[in-house]
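Protein chains: 2
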Amino acid sequence: MGKNLTKRAEDYSKWYNELVVQADLAENSGVRGCMVIKPYGFAIWEKMQAELDRMFKETGHQNAYFPLFIPKSYLSKEADHVEGFAKECAVVTHYRLKNAEDGSGVVVDPDAKLEEELIVRPTSETIIWDTYRRWIQSYRDLPLLVNQWANVVRWEMRTRLFLRTAEFLWQEGHTAHATEKEAIAEAEQMMHVYAEFAENFMGVPVIKGLKTESERFAGALETYCIEALMQDGKALQAGTSHFLGQNFAKAFDVKFANKEGKQDFVWATSWGVSTRLMGALIMTHSDDQGLVLPPKLAPIQVVIVPIYKGEEQLEAISQKVEPIIKDLRAKGISVKYDNRDTHKPGFKFNEYELKGVPIRIALGKRDMENNTLEIARRDTQTKETIKAEEVVEHIEKLLEEIQENLYKKAWDYRASHITSVDNFEDFKKVLDEKGGFVSAHWDGTAETEDRIKDLTKATIRCIPLDSVAEEGQCVFTGAPSSRRVLFAKAY
Amino acid sequence: MGKNLTKRAEDYSKWYNELVVQADLAENSGVRGCMVIKPYGFAIWEKMQAELDRMFKETGHQNAYFPLFIPKSYLSKEADHVEGFAKECAVVTHYRLKNAEDGSGVVVDPDAKLEEELIVRPTSETIIWDTYRRWIQSYRDLPLLVNQWANVVRWEMRTRLFLRTAEFLWQEGHTAHATEKEAIAEAEQMMHVYAEFAENFMGVPVIKGLKTESERFAGALETYCIEALMQDGKALQAGTSHFLGQNFAKAFDVKFANKEGKQDFVWATSWGVSTRLMGALIMTHSDDQGLVLPPKLAPIQVVIVPIYKGEEQLEAISQKVEPIIKDLRAKGISVKYDNRDTHKPGFKFNEYELKGVPIRIALGKRDMENNTLEIARRDTQTKETIKAEEVVEHIEKLLEEIQENLYKKAWDYRASHITSVDNFEDFKKVLDEKGGFVSAHWDGTAETEDRIKDLTKATIRCIPLDSVAEEGQCVFTGAPSSRRVLFAKAY
Chain A
-18 MGKNLTKRAE DYSKWYNELV VQADLAENSG VRGCMVIKPY GFAIWEKMQA ELDRMFKETG
42 HQNAYFPLFI PKSYLSKEAD HVEGFAKECA VVTHYRLKNA EDGSGVVVDP DAKLEEELIV
102 RPTSETIIWD TYRRWIQSYR DLPLLVNQWA NVVRWEMRTR LFLRTAEFLW QEGHTAHATE
162 KEAIAEAEQM MHVYAEFAEN FMGVPVIKGL KTESERFAGA LETYCIEALM QDGKALQAGT
222 SHFLGQNFAK AFDVKFANKE GKQDFVWATS WGVSTRLMGA LIMTHSDDQG LVLPPKLAPI
282 QVVIVPIYKG EEQLEAISQK VEPIIKDLRA KGISVKYDNR DTHKPGFKFN EYELKGVPIR
342 IALGKRDMEN NTLEIARRDT QTKETIKAEE VVEHIEKLLE EIQENLYKKA WDYRASHITS
402 VDNFEDFKKV LDEKGGFVSA HWDGTAETED RIKDLTKATI RCIPLDSVAE EGQCVFTGAP
462 SSRRVLFAKA Y
Chain B
-18 MGKNLTKRAE DYSKWYNELV VQADLAENSG VRGCMVIKPY GFAIWEKMQA ELDRMFKETG
42 HQNAYFPLFI PKSYLSKEAD HVEGFAKECA VVTHYRLKNA EDGSGVVVDP DAKLEEELIV
102 RPTSETIIWD TYRRWIQSYR DLPLLVNQWA NVVRWEMRTR LFLRTAEFLW QEGHTAHATE
162 KEAIAEAEQM MHVYAEFAEN FMGVPVIKGL KTESERFAGA LETYCIEALM QDGKALQAGT
222 SHFLGQNFAK AFDVKFANKE GKQDFVWATS WGVSTRLMGA LIMTHSDDQG LVLPPKLAPI
282 QVVIVPIYKG EEQLEAISQK VEPIIKDLRA KGISVKYDNR DTHKPGFKFN EYELKGVPIR
342 IALGKRDMEN NTLEIARRDT QTKETIKAEE VVEHIEKLLE EIQENLYKKA WDYRASHITS
402 VDNFEDFKKV LDEKGGFVSA HWDGTAETED RIKDLTKATI RCIPLDSVAE EGQCVFTGAP
462 SSRRVLFAKA Y
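For the protein sequence lines, the chains are A and B, in the order given. Read in order, the letters of the first sequence are residues -18 to 472 in my numbering. Read in order, the letters of the second sequence are residues -18 to 472 in my numbering.
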């Protein structure tokens, strides 16, 4: 394991790119902008999926599956929506290849041109609302609470593994309600579900808020979001939940008969998180030695490395650890015993450090004599020696402690990186020198928002839900403002 | 629930199409050949996925994810492969839409033409082997045992829900090995895994065998398969596992250094099952009243329907069943208590019959007085009254019994529909009048196979693994043959 990772302080972006590849999480493929998610990276994503899926089902949602392709005409039915998505989509125009006449390989068969082009879904509102028209007739059919796990494609020009890729994996919830109030409550609920997942499982503290009009989802009346802060001081939008009003119901003519028998358009939400969460997870906790994973999402929570000379010592160690492994697994802890004889312990230590395994147990000749084990924590890089009989209880507690410590560390970092400023000089200074969220007054206009973005690259990440009313003046125009919003440079 | 299902004997194909829609499993979408899998149907697929995924992991496989798109040139690298898949693929030629100049909507932007067309994956051998070249250097990297859950697209002209759709969901395993022997063992192992799943979970008996050369996967040296028999006497290929030799390793230049340091091409397998299994499940067990589901894959295993007049009776019944529901759930049994006051019991009975819920419990005023419950089995349509305190134990046993009974019923049907014939007159007669598998001698040539197919529509489903050596004469040409093969008309 020739670990050779750029330091974060040196080049954060390079560190990230190298880490994703070296820790076996993902890599670029031969297809522009599309990534390969490697088994170790995918195992983390599977753990995220399982947890989110459980939370969705607990809140009454069911999974379903809708077509990958969207007829071009569907996309056009909601005006804002097509404006937002037509610019970056993969278009299927033909349905057959044929042998080239000159024998050079296969070419597109011009006779197999589609009458109407199909778009590879960038998001599924249109195809789903076209379906909901058939599913919804009466208030008895509502609420309709559906989620889909799927791949989507947005033709991004600049891509980065997990953070921005042409194809990515995600879930998209699409719900239909009888009333505006219910739909808003649903959109808010899912924002809270996302926040709970980010904080309790990923160990990533997030700020819940509302997007400004210019940052809203194309077709939404309101976009709720959770915003996280990375170690380089840049924000990352980790999940969004949209209140869509009756826009899609009107575009696709989805009406229902209410209890009084009157016809009305249905109210909608949609909400999603994607493999982008992998990027947030990696960048929040990892260090110059490699990946750092919170125990709740680590595919391997504990690795055991024997330190031995010769078959006999290995055999003795293996016998010693066998019941320990069994006991740990009985507690639901995932353990790997790495007894490969093709690699030295130092190589293995490096490998599991790079891959972010939360706890490493090592034992050698002296430990065997003393009935002890060496326990190393990935997060703090500290080691301690414990009695072998205490190991199961110790590991159980330690996993919880690591989970909490990672969250606390990230929370402390973020807390020290929310800076209130009251004039534009300070605004720029904080962005340039310190980074993080800048809490400032804003006059509420898209024009000011745009100007600030042009000048500083910072955008309004959100209007925090917990922001308090406070009279003030816009940091840029001086116009009156009634609450602070959070600006940041962002991924 | 206005149930109005065509009878199987009347029109089997119509019965199937109606059943899939009426039981809320799937429906056609606005996109030609692409289906929407509805929540109830998807819940069954999720149960299949969970079980298969567990079996794949137990046999050492890990999940990963590869790009949706395949560059056209990749597809051409393996000659047989491109021949098999180029004719039915969705081709992405552009990456942007723009507003039409006449204001009529959006059109493909001619400036956004891709240099090389991308194919929506019909299967992923080519993109995966292009990746494996980077992952495999030495024997230490082998075996590489990877599975992917994904959507794939094959542009079929005639589509049927679950059985043949342009887009479908599947899993595809792709493994790399150091030796031919290991790769063959892997391909065989996965065929056995599929058979075990089909028989133990789906309750669908299958015949394991080898495909003839003309029925093999495009690019495979050997295709193993499991073949099931539907109630209309037609066979359905339920899963395939391919030994690919070194074809893809050679096409994508994937070599490894063996223990002696010598370079050699890697040996490969691939294997897959798809949402087609849903079709097999539905057609094997269901009847003229609707869906019949084996308990192990039923999203709802037990439904409880209260029969009451007025709030007070409902309240009493609800109190009575509450601890029963709790006890059943504690045993891992999924229970739905349908206390909707918007529908009558008769309507509910119909609905759960149509949806194939294995066990229905009903209780009314008299049951309350007698401390009894009425238990109805979906598979046999029989009812019995039991003491309330026996219910948990009874249901547990009954679920097992239903699972076994469905398998046995399907097994008996199949056993009575494998017919040995020794001349072509009988061959045609059995196919026409009885259906099912016809066990016959075949001279081993593709020509004879083709002729028989042209004349009878029957294909060789497989050369069964358990077929015994037997001297005979080809049923069509009279040429010598050393074992029987199975013919059938097939889905």
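Note that beta-carbon positions come from the ideal geometry of N, C-alpha and C, so glycine has one too. Model, not experiment: these values are computed from the prediction.
Could you name the residues that DSSP lists as bridge partners for residue i?
i: Q43/B; result: V127/B
i: W473/A; result: A question about residue 473/A goes unanswered here, because the residues of chain A that appear run from -18 up to 472.
i: S420/A; result: S401/A, L467/A
i: S85/A; result: DSSP lists no partner for S85/A.
i: L210/A; result: A216/A
i: A238/B; result: S119/B, Q244/B
i: D268/B; result: G271/B
i: L202/A; result: Beta-bridge pairing links L202/A to no other residue.
i: V478/B; result: For chain B, the structure presents residues -18 to 472; residue 478/B sits outside this window and is missing.
i: E355/A; result: A343/A, T366/A
i: T440/B; result: A469/B
With DSSP as the reference, label residue i as helix, strand or coil.
i: P91/B; result: helix
i: W151/A; result: strand
i: I108/A; result: helix
i: Y472/A; result: coil
i: L446/A; result: coil
i: R145/A; result: strand
i: K231/A; result: helix
i: Q362/B; result: coil
i: P326/B; result: helix
i: S(-6)/A; result: helix
i: V372/A; result: helix
i: K317/A; result: strand
i: G337/A; result: coil
i: T429/B; result: helix
i: P276/B; result: helix
i: G459/A; result: coil
i: E97/B; result: strand
i: T140/A; result: coil
i: Q454/A; result: strand
i: M(-18)/B; result: Note on M(-18)/B: pLDDT 45, under 50, position unreliable in the model; the coordinate value appears next. Residue state, collapsed to three classes: coil.
i: K434/A; result: helix
Assuming residue i and residue j make a contact with CB atoms under 8 angstroms, what is their CB distance in whole Å?
i: I342/B; j: I285/B; result: 5 angstroms
i: A498/B; j: V187/B; result: For chain B, the structure presents residues -18 to 472; residue 498/B sits outside this window and is missing.
i: F260/B; j: S57/A; result: The question names Phe, yet the displayed sequence has Gly at residue 260/B. G260/B to S57/A, Cβ: 34 angstroms. No contact.
i: P20/B; j: Q212/A; result: Contact flag wrong, Cβ pair sits at about 40 angstroms.
i: A369/B; j: N352/B; result: 5 angstroms
i: N404/A; j: V466/A; result: Actually they are not in contact, since the Cβ atoms of N404/A and V466/A sit about 16 angstroms apart, beyond 8 angstroms.
i: H398/B; j: L262/B; result: So it is not a contact: roughly 18 angstroms between Cβ atoms.
Compute every distance between the C-beta of residue i and the non-hydrogen atoms of the ligand GTP, then say whether any falls below 7 angstroms.
i: P275/A; result: Absence of the ligand GTP from the depicted structure is noted, as is the absence of any ligand whatsoever, leaving it without description.
Considering only residues of the stretch 285 to 311 of chain A, which uninterrupted alpha helix (DSSP H) runs meet the minimum length of 4 residues and lie entirely inside it, listed in chain order? 291 to 311
Inside the stretch 157 to 195 of chain B only - beta strand (DSSP E) runs reaching at least 3 residues: 188 to 191
Pick out the complete beta strand (DSSP E) segments inside the stretch -1 to 83 of chain A, 3 residues or longer, and give them in chain order. 7 to 9, 16 to 18, 50 to 52, 72 to 75, 78 to 80
Near-chain B residues of the stretch -13 to 19 of chain A - C-beta to any C-beta below 7 angstroms: S10, G11, V12, C15, V17, I18, K19
Along the stretch 41 to 52 of chain A, where does the CB come closer than 7 angstroms to a CB of chain B? Name the residues. Q43, N44, A45, Y46, F47, P48, L49, F50, P52
Using a Cβ-Cβ cutoff of 9 angstroms, what residues of the stretch 67 to 79 of chain B are near chain A? List them in chain order. A67, K68, E69, C70, A71, V72, V73, T74, H75, Y76, R77, L78, K79
Along the stretch 56 to 67 of chain B, where does the CB come closer than 8 angstroms to a CB of chain A? Name the residues. L56, S57, V63, A67
The stretch 240 to 269 of chain A: which residues have C-beta closer than 7 angstroms to a C-beta of chain B, in chain order? none
Given a limit of 9 angstroms on CB to CB distance, which residues of the stretch 132 to 156 of chain A reach chain B? N132, V134, W136, A147, E148, L150
Chain B contacts made by the stretch 110 to 124 of chain A, where a contact means CB separation under 7 angstroms: D111, T112, R121
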